[in-house]
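Presented below is the structure to which this report refers.
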Amino acid sequence: MYMNFWYVAAEASEITDKPVKIKMLGQNFVVFRDSAGKVHCLHNVCTHRGGNLAGGKMRGDRVECPYHGWQYNGSGECVKIPSIGKDGKIPARTRIDSYPTQEKYGLVFCFLGDLPEHERPPIMDIPEWGKDGWWPNLLRNEYKASYERAVENTLDPAHNEFVHPTHGYSGEKESYAMPDYKLDEVPDGCGFMMIFKAPPLKDETMAKLRNFGGDLEAGAGHVGPHQTWTQIHLSPTNWFHQYTFRTPVTRTHTKGYLINLRNALQGAEHDEAINKRQRVIQDQDVVVLEAIEPSIPPVTNTKEVLMPADKAIVRYRQYTKEWNSKGWRVDIEQVEREAGKSVFAIPCPARRETKGWVTDSVPVVQAGAAK
Ligand code: FES
Ligand SMILES: [Fe+2]
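What the sequence shown shows, in my numbering, is residues 24 to 394, in sequence order.
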């Protein structure tokens, strides 16, 4: 799991003036909205004696620890310690991490890392968002599998034939073989488009959209460790463009936020039918992903036998090594070993400006080693 990327904490509508506890990258955060409507994301652990801030209440724009009433503002500064009286001096070390937030596509994104603004890898762009002729809808899912295995699954054109009966012939065709494909590079990612031989769709509505007598054009790609896109061109004019933002809760527990845009079947009245079909496909993937061993991709590719169709996955794994070498991979094994004894925080940008933080920064994996 990598720090220094934007992660979805929740849908925008879920964050109100009540503090909410949200686990991401194995750490707990408290997320709330202030009176101006701005969302804040803080490390959830009170620097006094470890109180659960999300269990407290809001006092104006401050979150109050339920244990002894310390109050923190949206920047993570402790601004009130009731036990020392109103003239008592508040130590600087009481500060907790506060992370940049952004609302986009109806979702709350938190930047979990310490990079200054101009160095932050951006949220994956959705060029169709807000454009006439594209209808978006959100579909969420949650599963007990690694988000990295899930990204690899999206980048894997060869699984469609076997995992999704609507996308292929389940290996029944003697002539089946994966065609080669070209990988295109983008910053922090890669992707491809290709032609699939797929059977006619049974679902009446979808069958109509595909009724042009040609093959299916589709492709996928990733941006960063956790975001992917998929394009499905059912016909030269009926397209689905999908963008998935994954939030690792832990190494093997993932929340997915899929924004599914379509240029056919405009209007909310079609959302449920589209979601129903999409859920069937997601569930087919989850069955495979939850049973994969090892649950996270192995440290080296020599422990699996990769084929030409896996080349997007090979490229993705190269990227993960680059992010490792930047010191962005959280050493979650160490965090888990010390669970119950130590608390760690993903470092926030303010840690680059000031010293003396009471909560230790999460340990990171040393360059080259993947965990
Ligand atoms: S633990 Fe939070 S105020 Fe004491
Ligand atoms: Fe799939």
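The beta carbon of each residue, even a glycine, is placed where N, CA and C say it ideally should be.
In this text, all values refer to a predicted model and were calculated from it rather than measured experimentally.
- DSSP places Val311 inside the alpha helix (DSSP H), whose first and last residues are Asp294 to Ala314.
- Note that the stretch 59–75 touches the stretch 124–136; at least 3 beta-carbon pairs, one per stretch, sit closer than 8 Å.
- Around the beta-carbon of Lys378, fewer than 16 other beta-carbon atoms lie within 10 Å, marking it exposed.
- Per DSSP, Arg82 is one residue of the beta strand (DSSP E) stretching across Lys80 to Arg82.
- With a cut-off of 7 Å, the C-beta of Ile304 is classified as near ligand 2, since at least one heavy atom of the ligand falls inside that distance.
- Gly74 has its CB nearer than 7 Å to a heavy atom of ligand 1.
- Relative to the non-hydrogen atoms of ligand 1, the Cβ of Cys371 never comes closer than 7 Å to any of them.
- In the three-state DSSP reduction, Ser169 falls in the coil class, being neither helix nor strand.
- By the C-beta density criterion, Asn27 is buried, having at least 16 other C-beta atoms within 10 angstroms.
- Secondary-structure assignment with DSSP links Gly153 through no beta bridge to anything.
- The residue from Asp84, Arg72 and Trp29 with its alpha-carbon nearest to that of His91 is Arg72.
- Around the beta-carbon of Arg82, fewer than 16 other beta-carbon atoms lie within 10 Å, marking it exposed.
- Looking at the backbone, the Cα of Val31 and that of Ile218 are separated by about 32 Å.
- Of all C-beta pairs linking the stretch 132–149 to the stretch 45–52, three or more are shorter than 8 Å, placing the two stretches in contact.
- The beta carbons of Ile355 and Met47 sit no closer together than 8 Å.
- Looking from the CA of Val131, the closest CA among Asn298, Pro372, Thr267 and Glu34 belongs to Glu34.
- Residues of the same chain with a CB within less than 7 Å of the CB of Glu100, apart from the 5 flanking positions on each side, are Arg118 in chain order.
- DSSP, reduced to helix, strand and coil, places Arg118 outside both helices and strands of the structure shown, so it counts as coil.
- Following the DSSP letters along the chain, one finds Gln341 inside the alpha helix (DSSP H) bounded by residues Lys334 to Ser348.
- Here the alpha carbon of Arg300 sits roughly 13 Å from the alpha carbon of Arg163.
- Taking 8 Å as the cut-off, the beta carbon of Ala241 is found closer than this to the beta carbon of His256.
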